[in-house]
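**Q** Take the sequence shown: its letters are residues 1 to 415, numbered as in the numbering used here.
Where is the CB? At the ideal position from N, CA and C, for every residue including glycine.
What you are looking at is a predicted structure, and each value in this text was computed from that prediction instead of being measured.
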Amino acid sequence: MTANDVSSTAELTGTEAHIEATEKYAAHNYHPLPVVLAEGDGAWVIDVDGKRYLDCLAGYSALNFGHSNERLIAVAREQLGHLTLTSRAFFNDKLSTFARALTRLTGKDMILPMNSGAEAVETAIKVSRKWGYEVKGVPAGQATIITMEGNFHGRTTTIVSFSDDEVATSGYAPFTTGFRSVKYGDIASIAAAIDDTTVAVLFEPIQGEGGVVMPPEGFLTDLRALCTERNVLMVADEIQSGLARSGKTFACDHEDVVPDIYVMGKALGGGIYPVSAIAANHDVMDVITPGSHGSTFGGNPLAAAIGTEVVAMLEEGTFQARSTEIGDLLEAGFRPLVGRGLSDVRVRGAWAGIDIDPTLMSGRQMSEALMARGILAKDTHGSTVRFAPPLVASDEDIAGLVAAVAEILTDVPRA
Ligand SMILES: Cc1ncc(COP(=O)(O)O)c(C=O)c1O
Numbered sequence: 001m002t003a004n005d006v007s008s009t010a011e012l013t014g015t016e017a018h019i020e021a022t023e024k025y026a027a028h029n030y031h032p033l034p035v036v037l038a039e040g041d042g043a044w045v046i047d048v049d050g051k052r053y054l055d056c057l058a059g060y061s062a063l064n065f066g067h068s069n070e071r072l073i074a075v076a077r078e079q080l081g082h083l084t085l086t087s088r089a090f091f092n093d094k095l096s097t098f099a100r101a102l103t104r105l106t107g108k109d110m111i112l113p114m115n116s117g118a119e120a121v122e123t124a125i126k127v128s129r130k131w132g133y134e135v136k137g138v139p140a141g142q143a144t145i146i147t148m149e150g151n152f153h154g155r156t157t158t159i160v161s162f163s164d165d166e167v168a169t170s171g172y173a174p175f176t177t178g179f180r181s182v183k184y185g186d187i188a189s190i191a192a193a194i195d196d197t198t199v200a201v202l203f204e205p206i207q208g209e210g211g212v213v214m215p216p217e218g219f220l221t222d223l224r225a226l227c228t229e230r231n232v233l234m235v236a237d238e239i240q241s242g243l244a245r246s247g248k249t250f251a252c253d254h255e256d257v258v259p260d261i262y263v264m265g266k267a268l269g270g271g272i273y274p275v276s277a278i279a280a281n282h283d284v285m286d287v288i289t290p291g292s293h294g295s296t297f298g299g300n301p302l303a304a305a306i307g308t309e310v311v312a313m314l315e316e317g318t319f320q321a322r323s324t325e326i327g328d329l330l331e332a333g334f335r336p337l338v339g340r341g342l343s344d345v346r347v348r349g350a351w352a353g354i355d356i357d358p359t360l361m362s363g364r365q366m367s368e369a370l371m372a373r374g375i376l377a378k379d380t381h382g383s384t385v386r387f388a389p390p391l392v393a394s395d396e397d398i399a400g401l402v403a404a405v406a407e408i409l410t411d412v413p414r415a
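#1: Would you list the residues whose beta-carbon is nearer than 6 Å to any heavy atom of ligand 1, in the order they occur in the chain?
#2: State the Cα-Cα distance for the pair valine 275 and alanine 415, rounded to the nearest angstrom.
#3: Could you check how far apart the C-beta atoms of valine 102 and valine 311 are, in whole angstroms? I think they sit under 8 Å.
#4: Which ranges does the beta strand (DSSP E) cover as unbroken runs of at least 3 residues, wholly within the segment 209-273, from first to last along the chain?
#5: Tell me the rounded alpha-carbon separation between aspartate 256 and threonine 249.
#6: Taking the alpha-carbon positions, what's the serine 96 to phenylalanine 90 distance?
#7: For my contact list, proline 215 and serine 241 are in at a C-beta cut-off of 8 Å; report their separation, rounded to the angstrom.
#8: Take leucine 314 as the anchor and find which of Gly247, Leu370, Leu329, Tyr184 has the nearest alpha-carbon.
#9: What are the boundary residues of the beta strand (DSSP E) that serine 181 is part of?
#10: Could you check where the alpha helix (DSSP H) with aspartate 195 kicks off and where it finishes?
#11: Taking 9 Å as the threshold (C-beta atoms), are leucine 409 and leucine 337 in contact?
#12: Go through its chain and collect everything with a Cβ distance to glutamine 183's Cβ below 7 Å, but skip five positions before and after it.
#13: Please confirm whether any heavy atom of ligand 2 lies closer than 8 Å to the CB of isoleucine 306.
#14: Considering only their Cβ atoms, is the gap separating serine 61 from aspartate 41 smaller than 9 Å?
#15: I'd like to check one pair, valine 127 with arginine 386: are the Cβ atoms closer than 9 Å?
#16: Cα-Cα, which of Val35, Leu54, His31, Phe98 is closest to glycine 307?
#17: Among the residues of its own chain, which have a CB less than 6 Å from the CB of threonine 487, if the five just before and after it don't count?
#18: Identify whether glutamate 39 lies in helix, strand or coil by the three-state DSSP scheme.
#19: Per DSSP, what are the beta-bridge partners of aspartate 55 in this structure?
#20: For phenylalanine 175, name the three-state secondary structure that DSSP assigns.
#21: When you compare only the Cα positions, how much space is there between glycine 132 and isoleucine 278?
#22: Please classify leucine 85 as buried or exposed, where buried requires at least 16 other C-beta atoms within 10 Å of its C-beta.
#23: Leaving aside the five residues before and after threonine 461 along the sequence, list all residues of the same chain whose C-beta is less than 7 Å from its C-beta, in chain order.
#24: Identify, in the order they occur along the chain, each residue of the same chain with its Cβ nearer than 6 Å to the Cβ of threonine 158, setting aside the five sequence neighbours on each side.
#25: Just list the residues that DSSP pairs serine 276 with in beta bridges.
#26: With a threshold of 16 other CB atoms inside 10 Å of the CB of threonine 416, please say whether the residue is buried or exposed.
#27: What is the residue span of the alpha helix (DSSP H) that phenylalanine 319 lies within?
#28: Is it true that the CB of isoleucine 111 sits closer than 9 Å to the CB of alanine 200?
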């Protein structure tokens, strides 16, 4: 009998045993790099064999403040000793503070707390539809929401209904109706798609899973004006782009634009706990009434305590400033590689997408080569790799990343 027999309670040790057991007992909904992580501190993680890696994925930006962030861990530990869950059937003494803090950060009147990012997006969809019927006067059952090609907003049945990623949608029909897809960043297509049934435009200010794709300059400003003019809610999914990742608190801040609904997640829980929320003003959020939406864990005291500290850290501005500095280093390091193995580079704050010449190697091969050099990153869409290191990464960490990419591109055999 081995440790991987289901009847065994023996502890698993070593990379191979963990991978074998995970592949055997957990569904194959991911294709992870063959590394088994056991420790994390700041921008670095350590695997079960003691090897160190620079974490350039940072939990898809949930770990903006780094692994084991002292302030967040202290708050979580403290709260664990008091109260973790009440459900919203009762008030708790942490949600009040969290809600006040997050409305201050967003400049909105109210928040609606949830847990995962997908739940927050679902919440924004429901609120937008309800607003459409009750405030805008859209005929019952006819609300439409405009979405963008290449989007990623999560994995629920409704959300994948407006995804154009075949792997994410295949086999999951029938889908939810009421969505119209347009080209990302194309203001004329959005204007043409809006009609009397349109309640919202749902978009990512920067498409993260799409490969750190940015809309044309001025798009956010134009979209704000269009949504106001046509009485349509501007719904910004800032789950990945927000909370300092792009160098600003929100990616919409790059054009000083304020959406009607902010959708937040990932780093709101500091990489410790799933915390998500939407924020909006009364004219929108007041459509929510008791019993019309909810979640057992949404707004629980542990989540709220961590979220409050996250807001406090963001209000100091240091993470946004560091994100910008890291972005400058990434830009300076990657830009010269365009034409020398890379076909394009997109950087906004500590967030970079590099497109590798597909004749040289795939994104997955680049990720594997980086892993061999002690750097963890994730490919997307075949030949793209995105980097989103924790915002506590040092200049040396970023220099090491850039040097490793350059070295791999130099070493790869050319036809
Ligand atoms: C922009 C965006 N929205 C929504 C989600 C879904 O978040 P979650 O995986 O927490 O459900 C993600 C996750 O990557 C995301 O990047």
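**A** Well, looking at it:
#1: Here the residues come out as Tyr60, Ser116, Gly117, Ala118, Val121, Phe152, His153, Gly154, Glu204, Gly208, Glu209, Asp237, Ile239, Gln240, Gly265.
#2: Working through the sequence shown from its first residue, we reach residue 275 at position 275. Working through the sequence shown from its first residue, we reach residue 415 at position 415. Each residue's alpha carbon lies about 48 Å from the other.
#3: Indexing the sequence shown from 1 puts residue 102 at position 102. Indexing the sequence shown from 1 puts residue 311 at position 311. Contrary to the premise, residue 102 reads as leucine rather than valine in this sequence. Confirmed, about 6 Å.
#4: With a minimum length of 3 residues, the continuous beta strand (DSSP E) runs that stay inside the segment 209-273 are 233-237, 261-264.
#5: In the sequence shown, counting from the first residue as 1, residue 256 sits at position 256. In the sequence shown, counting from the first residue as 1, residue 249 sits at position 249. Between the C-alpha atoms of aspartate 256 and threonine 249 there is a straight-line separation of about 11 Å.
#6: Along the sequence shown, one-based indexing puts residue 96 at 96. Along the sequence shown, one-based indexing puts residue 90 at 90. When rounded, the separation of the alpha-carbon atoms in serine 96 and phenylalanine 90 is 12 Å.
#7: The sequence position of residue 215 within the sequence shown is 215, counting from 1. The sequence position of residue 241 within the sequence shown is 241, counting from 1. Actually they do not touch by this definition, with Cβ atoms about 11 Å apart.
#8: On the sequence shown, position 314 is the one that residue 314 refers to. The residue among Gly247, Leu370, Leu329, Tyr184 with its C-alpha nearest the C-alpha of leucine 314 is Gly247.
#9: Stepping through the sequence shown from its first residue, residue 181 is reached at position 181. That run of the beta strand (DSSP E) goes 179-182.
#10: By 1-based counting over the sequence shown, the position of residue 195 is 195. Annotation for aspartate 195: no alpha helix (DSSP H) segment contains it, and DSSP assigns it neither H nor E.
#11: Position 337 of the sequence shown, counted from the first residue, corresponds to residue 337. Position 409 of the sequence shown, counted from the first residue, corresponds to residue 409. In this structure, leucine 337 sits near leucine 409, with a CB-CB distance shorter than 9 Å.
#12: As a working mapping, residue 183 is identified with position 183 in the sequence shown. Note that residue 183 corresponds to lysine in the displayed sequence, not to glutamine. Glu149, Ser189.
#13: As far as ligands go, the structure on display features ligand 1 and does not contain ligand 2.
#14: Taking the first residue of the sequence shown as 1, we reach residue 41 at position 41. Taking the first residue of the sequence shown as 1, we reach residue 61 at position 61. Using a Cβ distance threshold of 9 Å, aspartate 41 and serine 61 do not count as a contacting pair.
#15: Along the sequence shown, read from residue 1 onward, the residue named residue 386 stands at position 386. Along the sequence shown, read from residue 1 onward, the residue named residue 127 stands at position 127. The answer is no: Cβ separation not under 9 Å.
#16: Looking up residue 307 in the sequence shown gives position 307. Looking only at Val35, Leu54, His31, Phe98, the smallest Cα-Cα distance to glycine 307 is reached by Phe98.
#17: Residue 487 lies beyond the range of the chain shown here (1 to 415); nothing can be said about it.
#18: Within the sequence shown, numbered from 1, the residue matching residue 39 stands at position 39. In the structure shown, glutamate 39 sits in a strand (DSSP, three-state: E or B).
#19: Here residue 55 corresponds to residue number 55 of the sequence shown, with the count starting at 1. In DSSP, aspartate 55 forms a bridge with Leu376.
#20: On the sequence shown, position 175 is the one that residue 175 refers to. DSSP, reduced to helix, strand and coil, places phenylalanine 175 outside both helices and strands of the structure shown, so it counts as coil.
#21: Translated into positions along the sequence shown, residue 132 becomes position 132. Translated into positions along the sequence shown, residue 278 becomes position 278. Near 17 Å, if we compare the C-alpha coordinates of isoleucine 278 and glycine 132.
#22: The residue labelled residue 85 in the question sits at position 85 within the sequence shown. A residue is called buried when at least 16 other Cβ atoms come within 10 angstroms of its Cβ; leucine 85 does not meet this threshold and is exposed.
#23: Only positions 1 to 415 of the chain appear in this structure, which leaves residue 461 out of reach.
#24: As a working mapping, residue 158 is identified with position 158 in the sequence shown. Thr176, listed in sequence order.
#25: Here residue 276 refers to the residue found at position 276 of the sequence shown. Per DSSP, Met114.
#26: The structure shown does not extend to residue 416, since the chain is modelled only from 1 to 415, so the question has no answer here.
#27: Reading the sequence shown from its first residue, position 319 is the one you call residue 319. Counting along the chain, the alpha helix (DSSP H) containing phenylalanine 319 begins and ends at 318-334.
#28: Walking along the sequence shown from the start, residue 200 turns up at place 200. Walking along the sequence shown from the start, residue 111 turns up at place 111. Going by C-beta atoms, alanine 200 is not nearer than 9 Å to isoleucine 111.
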